[in-house]
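J.:
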Amino acid sequence: MCLLRRGCIEWPPAKETTLEMNRLQQLLVNRFWNRTHQHGGATTWGQEAGVRQAINRRITGNEHQWPVEWFASEIAKEAYPRVLSLGCGVGALERDLASKGLCGAALGVDLSEQALEIARQKARLAGYTHLDYQRADLDQLRLEPKSFDAVFVHQALHHVRDLEGCLVQVAKALTPRGVFYADEYVGPSRHEWKRELLQTAEAVFQQLPRAVRRRRRLQLPVDWRDPSEAVRSSDILPVLAEHFEIFERRDYGGNLLALIHPFLRLDELPIVERRSLIDDLLGREDELLAAGAQSFYTVLVARPFGSSSPPFSPAGDRVAT
Ligand SMILES: C[S@@+](CC[C@H](N)C(=O)[O-])C[C@H]1O[C@@H](n2cnc3c(N)ncnc32)[C@H](O)[C@@H]1O
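In our numbering, the protein residues as written are 15 to 335.
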């Protein structure tokens with residue numbers, strides 16, 4: 015039924031138009047990520063040393079322990095025979111899993127062929143013959159039922175529009191004791207961002223010395239060149255909760271730092287001052303989270319509903335539920 019017809023615009027669009035729009039969107043996303051990966055990947059707030067330590071502390075309780083190390087010691091304990099990595103980019107996660115002896119065979123999938131080629135090269139150079147890469151669109155994911163013992167995703171679910179389709183496929187693809195590990199941005203979706211949401215961060219930013227501010231004002235944290243950026247990020251947790259039991263969740267903030275960090279001029283600051291500025295911002299972010307702000311980033315471990323037995327732990331230990 016056509017609800018709106020004005021000039022040549024029809025709403026809802028015909029099925030062919032929707033398919034064409036999806037294809038165009040996929041092309042744009044692919045082009046954006048091919049370019050980004052070719053140029054060494056995106057810069058993120060977590061790359062700042064002090065921030066990384068704070069993230070580790072918030073997730074694992076220890077600033078020197080990384081989330082995957084925590085996962086290895088608390089949950090996995092031994093290798094998962096068949097691992098899938100969604101939106102793998104250039105493969106850092108799979109190589110990390112391999113270096114920790116956490117995966118038998120691992121398959122990384124991504125839309126960007128450039129990213130996959132780099133991932134293949136890096137795996138080859140590291141001698142990881144058990145890491146394999148294939149192109150796949152997470153918006154049209156099709157997986158063999160019960161074909162993986164663990165599925166990982168690091169900062170790629172927030173690029174998925176068809177979250178329901180993708181997560182149902184993941185739930186079905188896991189073996190009965192399989193686990194799903196996600197490290198994700200779950201904050202406001204792109205269409206929800208407006209300046210009012212930046213108010214607190216903007217106020218903190220304006221208090222910083224002019225010399226360390228790259229811009230007069232913060233900008234909304236969405237890269238509009240990428241149509242998949244935060245496309246349905248605020249739906250991730252509710253959709254996940256429909257299909258999975260989340261048995262570990264470690265929120266790690268980002269509510270101030272992720273917004274402010276891209277607009278700081280830090281390179282010329284003496285190291286002590288740089289660290290003190292970052293620590294000050296982290297302290298304010300801790301206060302915000304303690305006051306009940308909903309964390310923008312989280313790490314979680316889940317298993318599909320209906321799993322008959324405890325999550326897979328090859329050592330046979332029951333993981334905390
Ligand atoms: C922020 S990067 C994260 C990459 C990697 N997981 C990491 O943490 O380094 C997001 C990745 O998702 C991929 N991506 C975006 N939309 C996708 C889609 N619809 N299907 C598959 N991959 C997609 C991009 O190509 C990119 O490699």
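Just so you know, even glycine gets a beta-carbon here, dropped at the ideal spot from N, CA and C.
Tell me the start and end of each unbroken beta strand (DSSP E) in the region 108-148 that is at least 3 residues and wholly inside, in chain order.
T.: 117-124
J.: Determine the DSSP secondary structure at G320, reduced to helix, strand or coil.
T.: If you number the sequence shown from 1, residue 320 lands on position 306. Residue state, collapsed to three classes: coil.
J.: For ligand 1, is there a heavy atom less than 7 Å away from the beta-carbon of C117?
T.: What you label residue 117 is simply residue 103 of the sequence shown in a count that begins at 1. Not so, every heavy atom of ligand 1 lies at least 7 Å from the Cβ.
J.: Express the C-alpha separation of S247 and A305 in angstroms, rounding to a whole number.
T.: Here the question's residue 305 lines up with position 291 in the sequence shown. Here the question's residue 247 lines up with position 233 in the sequence shown. Cα to Cα, the separation comes out at about 22 Å.
J.: If you count every other CB in all the chains shown that lies within 10 Å of the CB of G268, and 16 or more means buried, which is it?
T.: Locating residue 268 in the sequence shown gives position 254, where the first residue counts as 1. G268 is buried by the Cβ-count criterion.
J.: Should A164 and Y147 be called a contact, given that it needs their Cβ atoms to be closer than 8 Å?
T.: Here residue 164 corresponds to residue number 150 of the sequence shown, with the count starting at 1. Here residue 147 corresponds to residue number 133 of the sequence shown, with the count starting at 1. For A164 and Y147, no; Cβs fall outside 8 Å.
J.: Does the beta-carbon of R224 have 16 or more other beta-carbons within 10 angstroms, so that it is buried, or is it exposed?
T.: Mapped onto the sequence shown, residue 224 falls at position 210. So R224 counts as exposed.
J.: What are the boundary residues of the beta strand (DSSP E) that includes E198?
T.: Along the sequence shown, read from residue 1 onward, the residue named residue 198 stands at position 184. E198 -> beta strand (DSSP E) spans L188 to Y199.
J.: Span of the beta strand (DSSP E) holding R263?
T.: Residue mapping note: residue 263 aligns to position 249 of the sequence shown, counting from 1. R263 -> beta strand (DSSP E) spans F258 to G267.
J.: Who are the Cβ neighbours of A43 in its own chain at under 8 Å, not counting the five residues just before and after it?
T.: Within the sequence shown, numbered from 1, the residue matching residue 43 stands at position 29. One detail in the question is off: residue 43 reads as Val in this sequence, not Ala. Once the five neighbours on either side are set aside, the close Cβ partners of V43 are L125, H173, D240, P241 and S242.
J.: Do you know offhand how far R71's Cα is from L145's?
T.: By 1-based counting over the sequence shown, the position of residue 71 is 57. By 1-based counting over the sequence shown, the position of residue 145 is 131. Cα to Cα, R71 sits roughly 30 Å from L145.
J.: Do you know whose CA, among P235, R149 and P190, lies nearest L211's CA?
T.: What you label residue 211 is simply residue 197 of the sequence shown in a count that begins at 1. When each option's Cα is compared against that of L211, the closest is P235.
J.: Less than 7 Å separating the Cβ of S247 from some heavy atom of ligand 1?
T.: Locating residue 247 in the sequence shown gives position 233, where the first residue counts as 1. Checking the Cβ of S247 against ligand 1 gives no.
J.: Return no unless some Cβ of chain D is closer than 8 Å to the Cβ of L232.
T.: In summary, chain D is missing from the structure at hand, where a single protein chain is found.
J.: Secondary structure at R96, three-state DSSP: helix, strand or coil?
T.: Walking along the sequence shown from the start, residue 96 turns up at place 82. R96: strand per DSSP, three-state reduction.
J.: Pairs of beta-carbons, one from the region 258-276 and one from the region 54-73, closer than 8 Å: are there three or more?
T.: yes
J.: Going along the chain, which residues of its own chain have a beta-carbon closer than 6 Å to the beta-carbon of F219, five neighbours each way excluded?
T.: The residue labelled residue 219 in the question sits at position 205 within the sequence shown. Only L232 and I274 meet the Cβ criterion.
J.: Touching or not, the region 275-285 and the region 152-164, by the rule of three or more beta carbon pairs under 8 Å?
T.: no
J.: Which term fits P81, buried or exposed, when burial requires 16 or more other beta carbons within 10 angstroms of its beta carbon?
T.: Taking the first residue of the sequence shown as position 1, residue 81 is located at position 67. For P81, the number of other beta carbons within 10 angstroms of its own is at least 16, and it is reported as buried.
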